[in-house]
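Protein chains in written order, with our numbering: chain A, 9 to 347; chain B, 2 to 292.
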Amino acid sequence: MRLPVFFLIALAVGLVAFGLALTFGNDYVFYAGYVVLQFIVLATAWNILGGYCGYVNFGSAAFFAIGAYSTVALHKLATSPARYLPDGILPFAEAIFPLSVPTLVVIAGLVAGVVGLGTGYLTLRLRGAFFAIATLALAVVLQTLVLNWSFVGGARGAYIIAPQSVAIGAYELRYIHYLALTMIVLSVLAVTIARLIERSRLGYGFATIRDDEIAAEACGVPTLRLKLIATTISGALMGMAGAPFPYYIGYVDPGTAFGLSYGVNSIAMPMIGGTTSWIGPLIGAILLGTLQQIATVTISSAANLLIVGLLLVAFVIIAPKGIVGHVQDYFRNRKKEAQ
Amino acid sequence: MDFTVELFINAIVAGLLLGGFYAAVTAGISISFGMLDIVNIAHPAFIILGSYIAYIINQTFGIDPILISIVVLPAFYFLGSAVYQVYHVSFERRGQDALRGLAFFFGLLFVTEVMLILVFGVDYRYVKADYIDYAYRFGPFSIPMRMLIPCVLSLLMLALLQVFLTRTFTGRAIMAVSQDQLALRLMAADPVRIKRIAFSISIATAALAGACLIVIQPVEPAVGREYIGRVFAICVLGGLGSLPGTLIAAMLLGIVESLTATYYGPSWAPAVAFGFLLLTLAFRPSGLLGR
Chain A
9 MRLPVFFLIA LAVGLVAFGL ALTFGNDYVF YAGYVVLQFI VLATAWNILG
59 GYCGYVNFGS AAFFAIGAYS TVALHKLATS PARYLPDGIL PFAEAIFPLS
109 VPTLVVIAGL VAGVVGLGTG YLTLRLRGAF FAIATLALAV VLQTLVLNWS
159 FVGGARGAYI IAPQSVAIGA YELRYIHYLA LTMIVLSVLA VTIARLIERS
209 RLGYGFATIR DDEIAAEACG VPTLRLKLIA TTISGALMGM AGAPFPYYIG
259 YVDPGTAFGL SYGVNSIAMP MIGGTTSWIG PLIGAILLGT LQQIATVTIS
309 SAANLLIVGL LLVAFVIIAP KGIVGHVQDY FRNRKKEAQ
Chain B
2 MDFTVELFIN AIVAGLLLGG FYAAVTAGIS ISFGMLDIVN IAHPAFIILG
52 SYIAYIINQT FGIDPILISI VVLPAFYFLG SAVYQVYHVS FERRGQDALR
102 GLAFFFGLLF VTEVMLILVF GVDYRYVKAD YIDYAYRFGP FSIPMRMLIP
152 CVLSLLMLAL LQVFLTRTFT GRAIMAVSQD QLALRLMAAD PVRIKRIAFS
202 ISIATAALAG ACLIVIQPVE PAVGREYIGR VFAICVLGGL GSLPGTLIAA
252 MLLGIVESLT ATYYGPSWAP AVAFGFLLLT LAFRPSGLLG R
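Here it is, written out as structure tokens:
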């Protein structure tokens, strides 16, 4: 399937799902769906580095929070630019504020991408384990920085009041619908990027790194550059997933934005779905995301995190190839038997 | 803030005591990550588990937390054996230890933390012992017992481990196992058995470190996360797998953190470890006493 066709089909699927959700006549579907979509973006982004290159990123929460807090900072700036900005750029700032959500998403992507590049540059030249540890520590340190940064609320957190609706042309769109649509486009974009990478020279380069980095280096694959590209794309997508979050949740504090659950989920979902192709994280995110939404409502929110953790441990031990990998194996075996 | 000599010396002393404790926390990682190449990021979770066990027994029977940790050492040793067995069968033998092994330990860390939250909630827990509120005073300087005892204990533990690793056959085999497994086999030692023993010891140290932690400060389930950056920073800075290096690096980090907390405020202290880690990785990845 050609790429534009794939993108359009994926977008169509997303819009049909949106239309179906509208017929429910209940906004809860959108609140729950938003979280699942957010996890699709996070899981797909994680998989670009983790699944394709074999480098584990434990700091998904850090990149997600970078996105969320860049929105908080810009929102704060937009409320009273005269207080925080020098006079020279004030007219310019007043002209562009308040920024729309898509613009915020792009800015968050840029910031998170740069942080990803920086972390990667410092740690990717070493063994893979160092990168993993550094990302874990990155989350703790960024949290410390945000805790001490009173402009974005520090430990108290920040309130972001989202408008009731947004006007697109003559049509008034409910804000949660607007956010859900943004997330749909974002997740379609993420999945398309993942699929594009998978079938390009870049993807083959990533696969050589995953399978044998030293051999790849010896064959002339520019491993460091490829790893940096992967970290940047992955980090940027995670940041983009976090950008609309303050408008969705209404109140952001370091504890929620840096929650370990983002880190665990974005690893567990690809691992459970299967890490070698774009469809693995998608399946994992939809299954696990929905399961968590159900568990949150029926059991408790702490229990649903326990479920994710246990599933992750169980899957890496019992079914290391994930759902997609094992389904593929099953069909391959059946074909062999048929011959 | 005024710069006074007393304040400075107090900060240094507090840093040294803190560093001694950090060495106990890191000793387990130095063995598992440094010597065995097992990236056990769940280690801090085991430490918190140790803290909670000390807390429960201390609450119900009033026994000294340090004593409790020494009694539960064997239990942690067997827990370590069990974890290693799972790790070995599922990842080492399949040759997938890198990516999935990391995910496995991350899952363990998370599951332990969430279980503790489900059972005990997120309240801070602390232990009772006579010496906790006591401090030696020399003029303007003070040495709190709740810092001194963990520090002395961890120095003792490190010394014991170092003697074990350098003087006994099993200990030397542990040092050798990451370098050349074939040579180890030729010496009639089973590498898997040696690794299991070493990993079990590394988890056993978590019992003691956990008891020390809850003596030093109140503990809640998520505290372990702060230690992940710290322990790996110390382990890498010390030169992977070198216990003397671990001690020096731990003392250094302790002093720098204590100075940061004194002059800039305690909320900045967690960032120090990361700065340490990044600088080490960027400039001297083999660590201070690296081979």
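C-beta atoms are modelled at their ideal positions from N, C-alpha and C, and glycine is treated no differently.
Measure from the C-beta of residue i to each C-beta in chain A and report whether the shortest distance is under 7 Å.
i	result
Leu119 of chain B	yes
Phe111 of chain B	yes
Leu278 of chain B	yes
Phe275 of chain B	yes
Ser52 of chain B	no
Gly81 of chain B	no
Gly255 of chain B	no
Pro219 of chain B	no
Arg126 of chain B	no
Gly246 of chain B	no
Val40 of chain B	yes
Leu103 of chain B	yes
Ser268 of chain B	yes
Leu8 of chain B	no
Val115 of chain B	yes
What is the C-beta distance between residue i and residue j, in whole angstroms, given that I count them as a contact (C-beta under 8 Å)?
i	j	result
Ala69 of chain A	Ala147 of chain A	5 Å
Ser78 of chain A	Ala251 of chain A	7 Å
Ile57 of chain B	Leu117 of chain B	The Cβ separation is near 11 Å, so there is no contact.
Met279 of chain A	Ala99 of chain B	Actually they are not in contact, since the Cβ atoms of Met279 of chain A and Ala99 of chain B sit about 13 Å apart, beyond 8 Å.
Val174 of chain A	Tyr186 of chain A	5 Å
Leu155 of chain A	Gly162 of chain A	6 Å
Ser268 of chain B	Tyr78 of chain B	Contact flag wrong, Cβ pair sits at about 37 Å.
Met252 of chain B	Gly20 of chain B	4 Å
Ala101 of chain A	Val160 of chain A	Going by Cβ atoms, the distance from Ala101 of chain A to Val160 of chain A rounds to 18 Å, so no, they are not a contact pair.
Leu37 of chain B	Ala174 of chain B	Actually they do not touch by this definition, with Cβ atoms about 12 Å apart.
Leu162 of chain B	Leu244 of chain B	6 Å
Only counting the same chain, and skipping five residues up and downstream in sequence, which positions put a Cβ closer than 7 Å to that of residue i?
i	result
Lys235 of chain A	Cys61, Tyr63, Gly128, Leu132 and Ile217
Glu114 of chain B	Ala46, Pro222, Ala223 and Gly225
Val73 of chain B	Ile54 and Ala208
Ala40 of chain A	Gln301
Leu204 of chain A	Leu11
Glu221 of chain A	Thr231
Contact criterion: CB-CB distance below 7 Å. Does residue i meet it with respect to chain B?
i	result
Ile217 of chain A	no
Val149 of chain A	yes
Val324 of chain A	yes
Leu189 of chain A	no
Val154 of chain A	no
Ile302 of chain A	no
Ile205 of chain A	no
Pro254 of chain A	no
Phe138 of chain A	yes
Thr131 of chain A	yes
Ala145 of chain A	yes
Ala310 of chain A	yes
Met277 of chain A	no
Pro106 of chain A	no
Pro110 of chain A	no
Pro328 of chain A	yes
Leu313 of chain A	yes
Name the DSSP beta bridge partners of residue i, please?
i	result
Val321 of chain A	DSSP lists no partner for Val321 of chain A.
Tyr179 of chain A	A:Ile176
Ile144 of chain B	B:Tyr137
Arg126 of chain B	B:Val220
Ala166 of chain A	A:Val260
With a threshold of 6 Å on Cβ separation, who are the neighbours of residue i within its own chain once the five nearest residues in sequence on each side are excluded?
i	result
Pro145 of chain B	Ala136
Ala43 of chain B	Phe106, Leu109 and Leu110
Leu241 of chain B	Gly35
Glu227 of chain B	Pro271
Report all residues from its chain with a CB closer than 8 Å to the CB of residue i; omit the five preceding and five following residues, and keep chain order.
i	result
Phe142 of chain B	Glu7, Ile10, Asn11 and Val14
Val316 of chain A	Ser269, Val272, Asn273, Ala276, Leu296 and Gln300
Ile294 of chain A	Val44 and Ile48
Met148 of chain B	Ala15, Leu18, Leu19, Phe22 and Ile217
Leu320 of chain A	Val272, Ile275, Ala276, Met279 and Ile280
Cβ-heavy atom distance between residue i and the ligand NAP below 6 Å?
i	result
Asp219 of chain A	Absence of the ligand NAP from the depicted structure is noted, as is the absence of any ligand whatsoever, leaving it without description.
*Ranges of the alpha helix (DSSP H) found wholly within the segment 201 to 256 of chain A, counting only runs of at least 4*: Whole alpha helix (DSSP H) segments, 4+ residues: 209 to 219, 221 to 226 and 231 to 250.
*Uninterrupted alpha helix (DSSP H) stretches inside the segment 149 to 198 of chain B (no shorter than 4 residues)*: Taken in chain order, the whole alpha helix (DSSP H) runs of length 4 or more contained in the segment 149 to 198 of chain B are 170 to 178 and 182 to 187.
*In chain order, which alpha helix (DSSP H) runs of at least 4 residues are fully inside the segment 82 to 121 of chain A?*
As far as the segment 82 to 121 of chain A is concerned, its whole alpha helix (DSSP H) runs of at least 4 residues are 89 to 92 and 98 to 104.
_Going residue by residue through the segment 61 to 110 of chain B, where are the continuous alpha helix (DSSP H) segments of at least 4 residues, counting only ones entirely within it?_
The segment 61 to 110 of chain B contains these whole alpha helix (DSSP H) runs: 66 to 88.
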